[in-house]
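Here the structure is laid out as structure tokens; the discussion comes afterwards.
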Amino acid sequence: MSIYNFCAGPAMLPPAVMEKAQKEFLDWQNLGVSVMEISHRSKEFLALTEKCEASLRRLMNISDEFEVLFMHGGGRGQFAAIPLNLHVNDKAAVYCENGVWSKGAVDEAVKFTTVTELDVRNDTNEQFSIKPASEWQFPVDPSYIHYCPNETIDGIEVFDVPSHPTAPIVADMSSTILSREFDVDQFDLIYAGAQKNIGPSGLAIVIIRKTLLEREGVAKPGIFDYALEVKQGSMYNTPPTFAWYLAAEVFDWLEQNGGVKAMEQQNIAKAELLYGFIDESPFYSNKVAKHCRSRMNVPFWLNDESLNTQFLAQAKEAGLLALAGHRIVGGMRASIYNAMPLAGVQALVDFMAKFAQEHS
Ligand code: PMP
């Protein structure tokens with residue numbers, strides 16, 4: 004029986020990458036030791052980091068205007084690092100709110116800078132929805148604008164990109180990075196916790212426009228200081244080397260499999276299959292307006308919620324893992340990141356159809 008893991012994060016990684024990592028686990032590059040056991044400053048590891056960054060730059064078409072950092076502390080680490088680095092005296096940072104994680108970013112930012120919260124939702128009684136980014140009303144001169152293009156818990160994705168004449172645009176791409184093509188030039192800072200589309204948790208990727216490094220921000224720990232980390236090649240302290248190695252392997256795998264464009268096409272096909280089935284079914288529902296449904300995280304509800312426990316138990320028996328919705332919102336959630344094949348989504352749909360038939 005095939006096992007498909009729908010966990011929202013840490014999420015499944017490409018099986019080919021996991022198998023290669025397993026083979027190399029004890030003896031990397033014929034060094035006789037694991038990549039985990041060598042100095043981050045060894046020539047072998049430095050070659051890995053160079054290759055890794057070059058690969059990400061190709062995948063996302065990142066220009067020389069940007070630095071790429073591999074940092075500690077996942078997504079929430081960046082919730083703190085961003086205001087610490089980008090704060091400007093007498094200015095407020097605008098935080099657009101469209102779900103649980105964008106609100107989480109606010110809760111951290113208010114500790115370090117002045118925040119203006121901007122509700123960009125447009126919910127009705129029936130559906131969760133988002134206003135078009137062109138209608139988000141920004142103040143004249145904020146220090147920066149933060150938003151979350153994909154809300155992992157709410158299953159809401161913002162497909163357009165906000166813009167502002169002066170303020171840098173900062174995006175939490177934790178659960179959408181590399182899932183579709185982005186024009187990096189439309190952003191000033193992109194960050195992502197690694198544990199969905201990149202590799203193991205703990206690592207965060209930061210893509211930052213060089214001009215932003217001139218900002219002083221406020222006093223901050225060295226490990227969260229962007230300018231210092233750039234100077235130190237993301238090695239101010241010992242980096243999460245194994246996570247970095249795995250990220251490099253995932254980037255390699257992406258390049259070998261058609262890059263972000265091919266992933267995007269497959270992700271559209273997977274999302275259409277699952278949402279299409281849910282919309283057709285009188286047994287299940289999704290509460291997000293069609294124009295902002297996440298391609299990565301698909302929350303759904305059984306119309307008879309008393310069957311939830313049974314649904315999850317039988318799904319697990321069928322090899323379909325981690326389908327419980329986030330504890331804040333309940334219901335179910337299927338996370339279908341890059342590593343999830345179409346066959347996995349098909350297996351889920353087949354199971355859902357059978358379960359519905361048996362309980363209708
Ligand atoms: N932002 C988003 C969009 C997320 O989905 C998550 C984690 N699921 C986070 C931030 C927080 O990441 P971490 O747990 O790595 O701090």
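In terms of my numbering, the numbers along the sequence shown are unbroken and rise by one, the last being 363.
C-beta: ideal position from N, C-alpha, C; glycine also.
Can you give me the start and stop residues for the alpha helix (DSSP H) that A50 sits inside?
By 1-based counting over the sequence shown, the position of residue 50 is 47. 46-63 is the span of the alpha helix (DSSP H), which, as asked, contains A50.
Rounding to the nearest angstrom, what Cα-Cα distance links W31 and V20 in this structure?
What you label residue 31 is simply residue 28 of the sequence shown in a count that begins at 1. What you label residue 20 is simply residue 17 of the sequence shown in a count that begins at 1. Rounded to the nearest angstrom, the two C-alpha atoms are 14 Å apart.
Residue interval of the alpha helix (DSSP H) (run including I281)
The residue given as residue 281 occupies position 278 in the sequence shown. Counting along the chain, the alpha helix (DSSP H) containing I281 begins and ends at 262-283.
Cβ pair count under 8 Å reaching 3, the region 151-171 against the region 135-143
yes
Determine the burial state of E154: buried for a count of at least 16 other Cβ atoms within 10 Å of its Cβ, exposed for fewer.
Within the sequence shown, residue 154 is the residue found at index 151, counting from 1. It is buried - the Cβ of E154 has at least 16 other Cβ atoms within 10 Å.
Cβ pair count under 8 Å reaching 3, the region 247-266 against the region 119-134:
no
So which of F162, L277, K54, F227 has the shortest CA-CA distance to A346?
As a first step, residue 346 is located in the sequence shown; it is residue number 343 there, counting from the start. The option with the nearest alpha carbon to A346 is L277.
Distance between H362 and I208 (C-alpha atoms, nearest Å)
Locating residue 208 in the sequence shown gives position 205, where the first residue counts as 1. Locating residue 362 in the sequence shown gives position 359, where the first residue counts as 1. Their Cα atoms are separated by approximately 45 Å.
Which residues in the same chain have their Cβ closer than 8 Å to the Cβ of A95, if we skip the five residues on either side of it in sequence?
Position 92 of the sequence shown, counted from the first residue, corresponds to residue 95. Counting only Cβ-Cβ distances below 8 Å, and skipping sequence neighbours, we find T116, T117, V118, T119, P142, P145, S146.
Taking the continuous alpha helix (DSSP H) assigned at N311, which residues delimit it?
Translated into the one-based positions of the sequence shown, residue 311 becomes position 308. Per DSSP, N311 belongs to the alpha helix (DSSP H) from 311-320.
Among M355, C295, G76, H43, whose alpha-carbon lies nearest the alpha-carbon of L310?
As a first step, residue 310 is located in the sequence shown; it is residue number 307 there, counting from the start. Closest by alpha carbon: M355.
Rounded C-beta distance between A302 and G328? I'm assuming under 8 Å.
By 1-based counting over the sequence shown, the position of residue 302 is 299. By 1-based counting over the sequence shown, the position of residue 328 is 325. As written in the sequence, residue 302 is Pro, which differs from the Ala given in the question. Right, their Cβ atoms sit about 6 Å apart.
Cutoff 6 Å; reference G196; Cβ partners in own chain excluding five residues on either side:
In the sequence shown, the residue the question calls residue 196 occupies position 193. Within the same chain, G196 has close Cβ partners G77, G78, S177, A207.
By a C-beta neighbour count over all protein chains shown, 10 Å radius and 16 as the cutoff for buried, is H90 buried or exposed?
For the purposes of this step, residue 90 is taken as residue 87 along the sequence shown, with counting starting at 1. It counts as buried.
According to DSSP, residues forming a beta bridge with A96:
Indexing the sequence shown from 1 puts residue 96 at position 93. DSSP output for A96 lists V118 as bridge partner(s).
Can you check which of these residues, M4, N88, G334, E47, is closest to F286 by C-alpha distance?
As a working note, residue 286 is residue 283 in the sequence shown. Considering only alpha carbons, the answer is G334.
Every unbroken alpha helix (DSSP H) inside the region 193-247 [4 residues or more]
229-234
Taking the alpha-carbon positions, what's the Q81 to K23 distance?
One-based indexing of the sequence shown puts residue 81 at position 78. One-based indexing of the sequence shown puts residue 23 at position 20. Taking the straight line from one Cα to the other gives about 30 Å.
Could you pull out every residue in the same chain whose Cβ sits closer than 7 Å to the Cβ of I156, ignoring the five residues on either side in sequence?
As a working mapping, residue 156 is identified with position 153 in the sequence shown. Contacts found: G102, V103, W104, H329, I331, V332.
Take I41 and list the residues in its own chain whose beta-carbon comes closer than 7 Å to its own, dropping the five residues that flank it on each side.
Stepping through the sequence shown from its first residue, residue 41 is reached at position 38. For I41, where only same-chain residues beyond five positions count, the Cβ hits under 7 Å are L34, E47, F48.
Rounded to whole angstroms, what's the CA-CA distance from I271 to R298? Just pull it up for me.
As a first step, residue 271 is located in the sequence shown; it is residue number 268 there, counting from the start. As a first step, residue 298 is located in the sequence shown; it is residue number 295 there, counting from the start. Rounded to whole angstroms, I271 and R298 show a C-alpha spacing of 7 Å.
Just mark G202 as buried or exposed, buried being the case when its beta carbon has 16 or more other beta carbons within 10 Å.
Your numbering for residue 202 matches position 199 in the sequence shown. Buried: at least 16 other Cβ atoms inside 10 Å.
Using CA coordinates, which residue listed in L324, H149, Y248, V38 is at the minimum distance from G107?
As a position in the sequence shown, residue 107 is number 104, starting the count at 1. The residue with the shortest Cα to Cα distance from G107 is H149.
Relative to the C-alpha of Q317, which residue among K357, K114, S284, R336 is closest?
Reading the sequence shown from its first residue, position 314 is the one you call residue 317. Checked all of K357, K114, S284, R336; the closest Cα to Q317 is K357.
Sorry if obvious, but does the Cβ on D175 come closer than 7 Å to a heavy atom of the ligand PMP?
In the sequence shown, residue 175 corresponds to position 172, counting from 1. Yes, Cβ of D175 sits closer than 7 Å to a heavy atom of the ligand PMP.
Within its chain, find whatever has a CB closer than 7 Å to the CB of M39; leave out the 5 residues flanking it on each side and keep chain order.
Locating residue 39 in the sequence shown gives position 36, where the first residue counts as 1. In its chain, beyond the 5 residues on either side, T244, F245 have a beta carbon closer than 7 Å to the beta carbon of M39.
For L110, the first and last residue of its enclosing alpha helix (DSSP H):
Counting from 1 along the sequence shown, the entry for residue 110 is found at position 107. The sequence as given places Asp at residue 110; Leu does not occur at that position. 103-112 is the span of the alpha helix (DSSP H), which, as asked, contains D110.
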